[in-house]
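Numbering follows the numbering used here, with no gaps: position 172 of the sequence shown is 191.
We treat Cβ as the ideally placed atom computed from N, Cα and C, and that holds for glycine.
Computed from a predicted structure; not experimentally measured.
In what follows, a single structure is set out as structure tokens and then discussed.
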Amino acid sequence: NMAARTRLPLLFSRTLPLYKDLKCAHTEVPVKPPAYPPIVPSLTAKSKSARQRQAEEQVKKICASPVEEKLSLITRVQWMKFVVYPQTFARNADKWYQHFTKTAYIPGLPEKFTLGSEDLMGMDDEAFADIRSLVTNVILQERWHMKKRKPFLFRVQEQTFGPLLGNLVSGLTHSLAKYNPQLLLCSLDFNPQVHFYWRRGQRVIPKGHRKGRQEPTRFQIDDCPHSQIRITQQLKQFTALEDSCAAEVPEVPYAPNLMPLFRRQYDNHIFTGSKLPDPACYGHTQFHLVPDRYHRDRMANLQQSDQVEVFLRANGIASLFAWTGAQAMYQGFWDREDVTRPFVSQAVITDGKYFSFFCYQLNTVALSVQTDINNPRRNLMWGTESLKLYDRVEDGKVLGLNDGVIKLLVQFLLNQP
């Protein structure tokens, strides 16, 4: 009996659960706030993670800065960069410039501009006759009444057609101010300086102490149009921002120095032609004169007739991208903070007789490798072929004056927000 009594506690424990007070309740474990800040890479170490954190801190600093300081931070380091010349005789330069600026070219003009339009913002036939008379008088003044000596070598455009274009722009701007209120408050600049600096693509450094590293490819445009009109309000967009995603941009797989372009090192500039406090901070229309080396007949004799329009398209793409991109940067947008609304500008390129019209819509400035990966936006440019304004001047008369070109010029200047 004693042996049986001693076994009872041992057997009794097998029939009962081991944890009597166990309760199955769904309760969340309270999360304790961390007692220490998160571990981040050092800012001073020589490592990839440290370099990445330095870049992130720099981006945060630029985003939090005001516009003037932001431009200074973006342009202060003078790296070697490719200098893009708007007026270049490189073959097929327009394709290269489209790739550098991520611009899709659309032949023709937007729907609001038509070559044979009879509706000129309320202008009647008498008002258009006055404009036509003004254009005729400007041409006769420079091509018939003025007695000038033979111009200096390679300064024919500057001394002959430069004054003609200047008088034409100032006269039309003054005459059309009654139909476009923005022209009353506009700023008309002659021989302004326009600069733009950006990054697009990357390359592997071939030699030196940084051999094998990747660095972004940098570009700079230094432009000097004949004249430009700046206004206080932004022009309306030609098309929706999302419509540009389907446009095609030529892909150039070669290095820019094969175009050829050349790398230089000097101050980086972003400038619209006016300083930041200027209220007329939005672009309206630029006017460009082709250089003296640009001769249609000579290019035809050299069997380069296909490059006549290529030169003009390249000029329009580079000049309008630089001007419109600088306007966007003046509003605080940059590579890491892309534009939230399109920016629009126009351009007229002429040699005194032939006129080409271009419209540009900037949809993105995020062109670097880091920001262009998932960016479907494209910049858009519309353009016409060369249109002859008149045939010749004979016996004090302008023969073959093209009313369609005058109407298109008036439509450009009457475009308003």
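For residue i, which residues from the same chain have a beta carbon less than 8 Å from its beta carbon, with the 5 sequence-adjacent residues on both sides left out?
i	result
MET278	ALA109, ALA112, TRP115
PHE31	Residue placement at PHE31 cannot be trusted, given a pLDDT of 49 that sits under 50; what the coordinates show is reported in the next sentence. Contacts found: none.
SER66	PRO60
ASN20	Note that ASN20 has pLDDT 49, beneath the 50 cutoff, so the model's placement of it is unreliable and the number below is only indicative. So the list is empty, once near-sequence residues are dropped.
ILE224	LYS230, GLY231, ARG232, GLN233, GLU234
VAL157	LEU183, ASN186, LEU187, GLY190
GLU161	THR179, PHE180, PRO182, LEU183, ASN186
MET318	SER324, GLN326, VAL327
GLN71	PRO60
ILE81	LYS89, LEU92, ILE93, TRP353, ARG355
Run through the DSSP bridge pairs and tell me what residue i is partnered with.
i	result
MET400	TYR124, TYR379
TRP163	Its beta-bridge partners do not exist; DSSP assigns none.
VAL103	ILE240
ARG151	The partner list for ARG151 (beta bridge, DSSP) is empty, contrary to what the question assumes.
GLY335	Its beta-bridge partners do not exist; DSSP assigns none.
ASP208	GLN247
GLY302	ARG249
VAL417	VAL412
SER293	None; SER293 has no bridge partner.
ARG282	PHE101
GLU234	ARG222
TYR373	LYS407
LEU62	Answer is none; LEU62 lacks a bridge partner.
HIS228	Paired residue(s): none; HIS228 is not in a bridge.
LEU308	THR369
Spatial neighbours of residue i within its chain, please: C-beta separation below 6 Å, excluding the five flanking residues on both sides.
i	result
PRO310	GLN106
GLN435	ASN199, GLN201
GLY419	TYR409, ASP410
PHE431	THR304, GLN365
ASP208	GLN247, GLY292
THR258	none
Between which two residues does the alpha helix (DSSP H) holding residue i run?
i	result
ILE93	86-94
GLU413	It is not in any alpha helix (DSSP H) - GLU413 instead sits in the beta strand (DSSP E) that spans 411-413.
LYS79	67-82
HIS214	That residue, HIS214, is in no alpha helix (DSSP H); its beta strand (DSSP E) goes 213-223.
ASP316	315-320
PHE431	422-433
GLY351	First-last for GLY351: undefined, no H or E at that position.
GLY190	181-194
In chain order, what residues of the same chain have a beta carbon less than 7 Å from the beta carbon of residue i, not counting five sequence neighbours either side?
i	result
TYR285	GLN97
PRO244	PRO211, VAL213, GLN305, PHE306, HIS307, SER338
LEU4	This structure cannot speak to residue 4, because the chain is shown only from 20 to 436.
PRO170	GLN178, THR179
Mind reading off the beta-carbon distance from residue i to residue j? Whole number of angstroms is fine, and I expect it under 8 Å.
i	j	result
ALA266	ALA123	3 Å
VAL363	LYS230	So it is not a contact: roughly 44 Å between Cβ atoms.
ILE125	TRP401	5 Å
LEU195	VAL429	7 Å
TYR313	GLN253	So it is not a contact: roughly 32 Å between Cβ atoms.
PRO235	SER387	6 Å
THR192	PHE340	Not quite, the Cβ-Cβ distance comes to about 24 Å (not below 8 Å), so this is no contact.
LEU62	ALA69	6 Å
ARG283	LYS100	7 Å
GLN380	VAL268	Wrong, their Cβ atoms sit about 14 Å apart, outside the cutoff.
Using only alpha-carbon positions, find the residue among the options that is nearest to residue i.
i	options	result
GLU87	THR120, THR258, LEU191, ILE289	ILE289
LEU184	ASN394, VAL429, VAL388, THR369	THR369
VAL358	GLY181, ALA74, THR390	THR390
THR94	LEU159, PHE215, ASP208	PHE215
GLY181	SER387, GLY371, LYS407	GLY371
LYS416	GLN346, GLU177, LEU159	LEU159
GLY423	THR343, GLN176, LEU139, ARG397	LEU139
LEU90	LYS166, GLN323, GLY344	GLY344
LEU204	ILE240, GLN346, ARG151, ARG249	ARG249
GLN221	TRP342, HIS228, PHE238	PHE238
GLN350	PRO269, PRO298, ARG396	PRO298
ILE392	GLN380, ARG355, ALA83, ARG282	ARG355
ASN287	LEU92, ALA74, PRO52, LEU153	LEU92
VAL271	ILE240, ARG219, LYS51	ARG219
LEU331	TYR104, PRO395, MET142	TYR104
THR383	PRO395, VAL175, HIS228	PRO395
How far does the beta strand (DSSP E) with residue i in it reach, from first residue to last?
i	result
THR369	362-369
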